[in-house]
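A short worksheet on the structure shown next.
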Amino acid sequence: MSSRPSKNKSLSFEQATSRLEEIVARLDNPQTGLEETIALVAEGYELKRSCKRMLAEAELKIKQLETRQEDEPEAKPEAEAPAARRDLASQDDDHGFRLF
Numbered sequence: 001m002s003s004r005p006s007k008n009k010s011l012s013f014e015q016a017t018s019r020l021e022e023i024v025a026r027l028d029n030p031q032t033g034l035e036e037t038i039a040l041v042a043e044g045y046e047l048k049r050s051c052k053r054m055l056a057e058a059e060l061k062i063k064q065l066e067t068r069q070e071d072e073p074e075a076k077p078e079a080e081a082p083a084a085r086r087d088l089a090s091q092d093d094d095h096g097f098r099l100f
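With the UniProt record's numbering applied, the sequence shown corresponds to residues 1 to 100, in that order.
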């Protein structure tokens with residue numbers, strides 16, 4: 001039997017989903033015995049809980065980032081625009097004509 005209850009808690013989301021795929025493949029094998037099937041199902045449920053927790057934490061972090069982003073004042077591009085226009089106005093193109 002292959003049970004990894006203590007290791008599953010330290011797996012990344014990607015590792016956990018990969019392990020779930022391995023478990024499904026083993027469960028699809030008709031040669032897998034009853035005891036191993038029970039152990040694999042138990043591990044699968046643990047991995048499912050772990051993945052759901054990681055997804056909930058990721059969603060919370062994203063919501064916090066969105067809230068932080070919404071709370072920050074936006075940079076005003078108009079403040080930079082006059083300086084940029086002055087720079088362009090002072091430059092000549094290839095024909096010696098001024099842009100502004």
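C-beta atoms are modelled at their ideal positions from N, C-alpha and C, and glycine is treated no differently. Just so we're clear, the structure is a prediction, and the values are computed from it rather than from any experiment.
Cβ separation of residue 20 and residue 47, assumed to be a contact under 8 angstroms, to the nearest whole Å: Numbered from 1 along the sequence shown, position 20 holds the residue referred to as residue 20. Numbered from 1 along the sequence shown, position 47 holds the residue referred to as residue 47. Approximately 5 angstroms separates the beta-carbon atoms of residue 20 and residue 47; this is inside 8 angstroms, confirming the contact.
Would you check if there are 3 or more beta carbon pairs closer than 8 angstroms linking the stretch 40 to 55 to the stretch 11 to 30? Segments in contact, yes.
Looking at the structure shown, is residue 72 part of a helix, part of a strand, or coil, going by DSSP? The count along the sequence shown starts at 1 and reaches residue 72 at position 72. The DSSP-derived three-state label of residue 72 is coil.
With DSSP as the reference, label residue 47 as helix, strand or coil. Numbered from its first residue, the sequence shown carries residue 47 at position 47. Per DSSP, reduced to three states, the secondary structure at residue 47 is helical.
Give me the residue from 73, 24, 57 and 63 with the minimum Cα distance to residue 114. Look at the range of the chain in this structure, 1 to 100, and you will see that residue 114 is not part of it.
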